[in-house]
Amino acid sequence: MSIAALNDRIGMVNDVLNSWALLYWDSRTMMPPGGNDTRAKQVSTMKVLAHGLLVADETRRLLDAAETEVANRPAEDADRRIVAQTREAVQHHLKIPADLIRRRAQHASEAAAVWVKARTDSDFSLFAPYLEKTVGMARELADAIGYTGHPYDALMYQFEPGETVTSLRSLFAELRAGIGPVVKATTAVEAPRSDFLERHYEPEKQAAFAKQIAAKLGYDFDRGRLDGTVHPFEISFTRNDVRITTRYYPNFLPASLFGTMHEAGHGLYEQGIDPAYTRTTLATDLVGLYAVGGVSFGAHESQSRLWENHIGRSRRFWDLHYGMLQETFPEALGDVDVAAFHRAINRVRPGYIRVEADELTYDFHIMLRVDIETRLVDGTLKVKDLPEAWNAVIKQELGLDVPNDRLGCLQDIHWSSGQIGTFCNYTIGNVMAAQVLETARAEDPSIQASVDAGNYAPLKDWLTNNIYVHGRRFGRDELLQRITGRTLDPKPYVKYLRDKYTALYGVSV
Ligand code: ZN
């Protein structure tokens, strides 16, 4: 069986990537600071090993044999998909010159150090020459990967295969037209109070509550755990061990609460992948070299957003569970009723900072970044003109005057580490979440009835059967076609935001 031999080989790549993941998880949760330098070398070695195993002659020989074996199978056949995706990944890696990989890694560490200083001093001119070089290397990378439309398409291929600048521009135009008026209408009226979210919340009690909520959503603690960290993330070492993290601020409750639901959503995806795909190409991102089973970054984000926002920030969810939260924090929430709590956790307040943005204004931060990256890569925007371009969009779309570059174009870590092409997945996730949920509700009305009764299992089961179980077998748009009958469609998302926020704020648009 040639396919079995290929699977054994990819299983080794997967093992190495999972070892990378475990070293990484440890560095972000348990490792003492002294481990920093040697750990950086260990994780980098793991990636080099995985890459070497994947592109080795032996892998290609096994791939050739497996290709012959599955040649006459139907296009959707899982083994045939394994072979095609492995071939695509091997070819992708062979296209990128080793010298470019080395130069990018070297530049990333230099640029990251300068970015920290530039951000502290709020001085873009310090960082500009480094960003210039980052953009130049991104263009080199795009040329190596290859593209037919825009060079940015090649960069997105690594995170959101199939996505293009053309399709994103029309998606963004629809989102701006649909959400913009809702932002204007809600910010024109007085914002609800939310001061009580900043009272004292004992971190140990937050942790206990977070665990209960994650379990309620269906996250399986026999194959997972929840730990504290600085910047929350989900990471898996196969579907059998899927870990999530959150952060506990003693004076700000929403961070742990919604961080947990968000990461639990990612976790449900990974825990739900078909056991038969474990250690295979269908549960490994061989292009990005991550042991991730979800099909794209955007598809993954759709599940975190679905559980965090559509379920976790809904009024019904808190009608059911607010009593438990009040009992946990009687001093902080004793005088706050569920309606006030629900309004506070959905408060709209345009701000400068993406990671602090509310649900309604979040996509404007993403669209801004994607537009700017696209124009930097195709040369229609010069790096030196970046702050001006940034500030103009924030003024136009959110009505804010950016006071300095620290609160403007220097805020994200992505460009400092050389990453260009990843931002779109957040907005794609938002759009896909609403589209998928609309279909689930229409297909089986008892799903929403169960959610309204506090039983999330039927929704989780539907998502598992329609999305999670497939791992990476189907592409994102192929998956959407199968589930909803169409590719990415922003209408359900725009409708969801309009309905929710016009009702909450008592405004009409
Ligand atoms: Zn996420």
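So that you can map any letter, position 6 of the sequence shown is 20 in the numbering used here, and since no number is skipped, the others follow by simple counting. Ideal Cβ positions, reconstructed from N, Cα and C, are used throughout, including at glycine.
Does DSSP classify GLU411 as helix, strand or coil? helix
Can at least three beta-carbon pairs, one atom from the segment 437 to 453 and one from the segment 378 to 396, be found at a separation below 8 Å? Yes: at least three Cβ pairs fall under 8 Å.
Cβ atoms of PRO195 and TYR263: under 9 Å apart, would you say? no
Residues in the same chain with beta-carbon distance under 7 Å from LYS225, minus the five sequence neighbours each way, listed in chain order, please. LEU240
Do ALA290 and ASN32 come within 9 Å of each other at the CB atom, strictly closer than that value? no
Counting only runs of 4+ residues fully inside the segment 230 to 297, write out the alpha helix (DSSP H) ranges in chain order. Segments of the alpha helix (DSSP H) lying fully in the segment 230 to 297: 268 to 285.
Which two residues bound the contiguous alpha helix (DSSP H) that contains THR375? Per DSSP, THR375 belongs to no alpha helix (DSSP H) and is neither H nor E.
Quick check on the burial criterion: 16 or more other C-beta atoms within 10 angstroms. Buried or exposed for LYS509? exposed
Just confirm the distance between the C-beta atoms of GLY435 and GLU387, as a whole number of angstroms; I'd bet it's less than 8 Å. 7 Å
Under 8 Å: does the beta carbon of GLU174 sit that close to some heavy atom of the ligand ZN? no
Taking ARG95 as part of the alpha helix (DSSP H), name the residues at either end of that continuous run. 92 to 109
TYR304 in three-state terms, based on DSSP: The three-state reading of DSSP puts TYR304 in strand, counting E and B together.
Would ASP22 be called buried (16 or more neighbouring beta carbons within 10 Å of its own) or exposed? exposed
Starting from ASP333, follow its DSSP beta bridges and name the residues at the other end. DSSP lists no partner for ASP333.
Got a sec: does the ligand ZN put a non-hydrogen atom nearer than 8 Å to the Cβ of GLU218? no
DSSP three-state assignment for ASP299, whether helix, strand or coil: Strand.
Which value, in whole angstroms, describes the spacing of the CA atoms of THR73 and PHE488? Going from the Cα of THR73 to the Cα of PHE488 covers about 23 Å.
Test item, CB below 6 Å from any non-hydrogen atom of the ligand ZN: HIS276, HIS280, GLU315, SER318
Hey, how far is the Cα of HIS335 from the Cα of PHE223? 11 Å
Coarse secondary structure for GLN495, derived from DSSP in three states: helix
Endpoints, the alpha helix (DSSP H) within which ILE442 is located: 438 to 457
CB contact flag (THR295, ARG95, <9 Å): yes
Quick one: is VAL256 buried, meaning 16 or more other Cβ sit within 10 Å of its Cβ, or exposed? So VAL256 counts as buried.
Would you mind working out which of GLU154, TYR366, PRO165, ASN254 sits nearest ALA112, comparing C-alpha positions? GLU154
Assigned exposure category for PRO504 - 16 Cβ within 10 Å defines buried: buried
Got a sec, what are the start and stop residues for the alpha helix (DSSP H) LEU31 sits in? 16 to 43 is the span of the alpha helix (DSSP H), which, as asked, contains LEU31.
Under 8 Å Cβ to Cβ from ASN418, same chain only, skipping five residues before and after it: list those, please. The beta carbon of ASN418 is closer than 8 Å to those of SER136 in its chain, skipping five residues each way along the sequence.
Under 9 Å between C-beta atoms of ALA358 and PHE266: no
Should VAL203 go down as buried or exposed, given a rule of 16 or more other Cβ atoms within 10 Å for buried? Result: exposed.
ALA297 vs ILE287 beta-carbon contact at 9 Å: Less than 9 Å divides the Cβ of ALA297 from the Cβ of ILE287.
If contact is defined by three or more beta carbon pairs under 8 Å, each pair taking one atom from either stretch, is the segment 305 to 316 in contact with the segment 343 to 354? no
Beta-carbon spacing of GLU102, ARG490 below 9 Å: no
Since LEU76 contacts ALA19 with CB under 8 Å, what's their CB separation in whole angstroms? 5 Å
Element boundaries [alpha helix (DSSP H), containing PRO506]: From DSSP, the alpha helix (DSSP H) with PRO506 extends over 505 to 519.
Which of the three DSSP states is assigned to ALA89 in this structure? coil
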